[in-house]
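**Student:**
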Amino acid sequence: MSKLFALSLSIAVLGAVWAFLALGPLSGFVLVWAGFIAWGCFFHSGADDKALTRTIAGNVYGAVVAWIALLIIVNVPMAALGTVWPAIVVGATVFFLVIVASVDLLSVVPANVYGYAATVAYSLHQGADAAGVGPLQRLTTVSAGNPLILLIVSMVIGALFGYASAKLAGALAKSAAPA
Numbered sequence: 205m206s207k208l209f210a211l212s213l214s215i216a217v218l219g220a221v222w223a224f225l226a227l228g229p230l231s232g233f234v235l236v237w238a239g240f241i242a243w244g245c246f247f248h249s250g251a252d253d254k255a256l257t258r259t260i261a262g263n264v265y266g267a268v269v270a271w272i273a274l275l276i277i278v279n280v281p282m283a284a285l286g287t288v289w290p291a292i293v294v295g296a297t298v299f300f301l302v303i304v305a306s307v308d309l310l311s312v313v314p315a316n317v318y319g320y321a322a323t324v325a326y327s328l329h330q331g332a333d334a335a336g337v338g339p340l341q342r343l344t345t346v347s348a349g350n351p352l353i354l355l356i357v358s359m360v361i362g363a364l365f366g367y368a369s370a371k372l373a374g375a376l377a378k379s380a381a382p383a
């Protein structure tokens, strides 16, 4: 079996498992799309042990920086500045996504950006529940409703699925290789 076929098969099988879990038993606790972002990040980061640690560290770091930005925007209103205020906060916080690139664990800047972008996207585009409460009102709760917790859990599991799919693909390709 070719390496490409083995990888395609392993991602298909584990992708189906991830989708089932995220949309079924883990629904509300993880986001299927955030897991796939981290999964892809693992592969573009090298698909090895270092890629796993850099993906997880970068995704988590980006999510934390985004969470800090959201906390500032929500809790330090500057109505007189309009949309300039959130833009300033975003500019200031994304500086920290890149400046840390000399730290080995945070050296994959796209991983940092994916964590940041996914956290902000979910927080701004997820509607409120029946009680009128949305992610921005849950930034400090200790629950899966908190975007920070939800995105970190989703992305860590997604990176682990990426790692598992790479290992499974290697095993499939090796076992199907002619002796």
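Numbering follows my numbering, with no gaps: position 61 of the sequence shown is 265.
For every residue, glycine included, the Cβ atom is placed at its ideal position computed from N, Cα and C.
A172 and A363: beta carbons closer than 7 Å?
**Tutor:** Examination of residue 172 is not possible in this model, given that the chain is present from 205 through 383 alone.
**Student:** By how many angstroms is the C-alpha of G250 removed from the C-alpha of T257?
**Tutor:** Taking the straight line from one Cα to the other gives about 11 Å.
**Student:** Does the region 217-236 touch the region 348-367, meaning 3 or more C-beta pairs lie closer than 8 Å?
**Tutor:** Output reads yes: the region 217-236 touches the region 348-367.
**Student:** Flag this pair as yes or no: are the beta carbons of L275 and L343 separated by less than 7 Å?
**Tutor:** yes
**Student:** Report yes or no: do three or more beta-carbon pairs, one from the region 366-375 and one from the region 213-222, lie closer than 8 Å?
**Tutor:** Yes, the region 366-375 touches the region 213-222.
**Student:** Comparing alpha-carbon positions, which option in W222, Y265, H329 and L225 lies nearest V307?
**Tutor:** Y265
**Student:** Taking the beta carbon of F365 as the centre, do at least 16 other beta carbons fall within 10 Å, making it buried, or is it exposed?
**Tutor:** buried
**Student:** Within the continuous alpha helix (DSSP H) that includes R258, where are the two ends?
**Tutor:** D253 to N279
**Student:** Please classify S327 as buried or exposed, where buried requires at least 16 neighbouring CB atoms within 10 angstroms.
**Tutor:** buried
**Student:** In whole angstroms, what is the alpha-carbon distance linking G349 and K371?
**Tutor:** Rounded to the nearest angstrom, the gap between the Cα atoms of G349 and K371 is 32 Å.
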